[in-house]
Amino acid sequence: MDVPRIRTYVEGLDRHIEGGIPKGSITLICGTAGTMKSSLAYSILYNNAVNEDLKSVYITLEQEIESLMQQMRRLGMSDHRNILLVDFRKVQAAMEKKYGDNWIRLIRGYIEEAKKGQEYDLLVIDSLNALYSLTTIRDPRRELYYLFKDLKTTGITCFLISEMSPERPVYSQYGVEDFLADGIIHLDFQKRGDVLSALERYIGIVKMRSTNHDTQYFPILYSNGRFRVFGREELELE
Ligand SMILES: Nc1ncnc2c1ncn2[C@@H]1O[C@H](COP(=O)(O)OP(=O)(O)O)[C@@H](O)[C@H]1O
Ligand SMILES: [Mg+2]
Numbered sequence: 074m075d076v077p078r079i080r081t082y083v084e085g086l087d088r089h090i091e092g093g094i095p096k097g098s099i100t101l102i103c104g105t106a107g108t109m110k111s112s113l114a115y116s117i118l119y120n121n122a123v124n125e126d127l128k129s130v131y132i133t134l135e136q137e138i139e140s141l142m143q144q145m146r147r148l149g150m151s152d153h154r155n156i157l158l159v160d161f162r163k164v165q166a167a168m169e170k171k172y173g174d175n176w177i178r179l180i181r182g183y184i185e186e187a188k189k190g191q192e193y194d195l196l197v198i199d200s201l202n203a204l205y206s207l208t209t210i211r212d213p214r215r216e217l218y219y220l221f222k223d224l225k226t227t228g229i230t231c232f233l234i235s236e237m238s239p240e241r242p243v244y245s246q247y248g249v250e251d252f253l254a255d256g257i258i259h260l261d262f263q264k265r266g267d268v269l270s271a272l273e274r275y276i277g278i279v280k281m282r283s284t285n286h287d288t289q290y291f292p293i294l295y296s297n298g299r300f301r302v303f304g305r306e307e308l309e310l311e
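As C-alpha cells, this is what we get:
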C-alpha cells in the first residue's frame with residue numbers, strides 16, 4: 074500500500090524518500106545552531122502552503138515572530154498565508170490558566186484550540202529544547218511518550234526541531250525522542266580543509282519509517298528561493 078506523503082520541496086530530495094515524508098508522522102529536524110533547521114522547517118510549510126494549499130502552525134519558542142518572518146523574507150519566502158505563526162511565550166500565561174502548568178497538556182490544549190477554528194495539516198515546534206526549558210520534566214521517558222502519542226493522534230504531520238550541542242553528538246536532549254519519532258533529518262556543516270575553506274552544508278535522512286531511503290548525506294544548498302540537494306547523479310552531471 075502506498076503511504077500518503079508530504080513533499081519536502083527540497084529539490085532532489087523527495088525522490089530519495091519515495092516522494093516525501095509520510096503524512097501524520099513525527100520527524101525530528103536536528104542540527105547544531107545555524108544549520109538552517111528553522112529555515113528548512115519553514116520552507117516545507119511555505120512550499121506546501123503555496124503549492125498544495127496546506128495549512129500549518131509554526132510554534133516558535135526561541136525566536137520572535139518578527140525576526141523569523143524577516144529571516145524567511147530574506148530567503149525569498151514572503152507569502153505567509155496558510156501559516157499561523159505563534160510565539161508560545163506570548164500565549165503561555167493564558168494557556169496555563171486553563172490547562173495548569175503541565176507542559177504536555179499545554180501544548181496539547183493549544184493544538185486542540187487551534188484545530189477548532191481550522192484543521193491543520195502541518196505543525197512545527199521550534200524547538201524541543203526551548204520547550205523543555207519552560208518546564209520541569211520529572212520523567213522524560215514517560216512525559217515524552219505521552220507528548221508524541223498526543224501529537225500522533227492529531228493526525229497532523231509534525232516537525233520537531235532539536236538543537237544539537239557541538240560537544241555531544243546526539244540527536245535529541247533525552248535520547249528517547251530518537252526512538253519515539255518516526256523520522257530523523259540531520260543537518261550538518263562540514264568545514265572543508267582547502268584554501269577557500271567554505272562551510273558546506275549537508276542533510277542526512279537518519280531514519281524514516283515506512284520509507285526506503287538512502288542513508289547517505291547529501292550536500293544541500295539554499296539559493297534562488299529554494300533548498301536543493303545534490304545526489305550522486307547530479308554531482309556526476311555537473
Ligand atoms: N542562502 C543561504 N545559504 C546558506 N546559508 C544561509 C543562507 N541564508 C541564510 N543562511 C544562514 O543560515 C543560518 C540561519 O539559519 P536558521 O534556519 O536560523 O538555523 P537554525 O535554526 O538551525 O539555527 C544563518 O547562519 C544564516 O546566515
Ligand atoms: Mg532556529
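Numbers 74 to 311, taken from the working numbering, label the letters of the sequence shown in order.
Glycine included, C-beta positions come from ideal geometry on N, C-alpha and C.
Annotation: the continuous beta strand (DSSP E) that includes Y295 extends over 290-296. Ligand 2 has no heavy atom closer than 7 Å to the beta-carbon of D261. Secondary structure within the stretch 116-178: the beta strand (DSSP E) runs of 3 or more consecutive residues, fully enclosed, are 129-133, 156-160 (chain order). In this structure, the C-beta of S283 stays at least 7 Å away from each heavy atom of ligand 1.
Excluding the 5 residues flanking it on each side, N155 has same chain C-beta neighbours closer than 6 Å at A122, K128, in chain order. Each residue's CA atom was taken as its position, placing S112 and G298 some 11 Å apart.
Scanning the stretch 180-231 from its first residue to its last, the whole beta strand (DSSP E) runs of 3-plus residues come out as 195-199.
Of D75, R146, H89, the smallest CA-CA separation from Y290 is found for H89.
For the 8 Å CB-CB criterion, T100 and C231 form a contact. Between G277 and D255, the beta carbon gap of about 16 Å keeps them out of contact (Cβ cut-off 8 Å). In this structure, the CA atom of D152 is about 17 Å from the CA atom of T81. If the five residues before and after G85 are omitted, its C-beta is found closer than 8 Å to the C-beta atoms of F291, R301, V302, F303, G304, E307, all from its own chain and listed in chain order.
Contact between L201 and V249 fails: their C-beta atoms lie close to 11 Å from each other, not under 8 Å.
Comparing alpha-carbon positions, the option among T209, Q143, L253, L233 lying closest to Y131 turns out to be L233.
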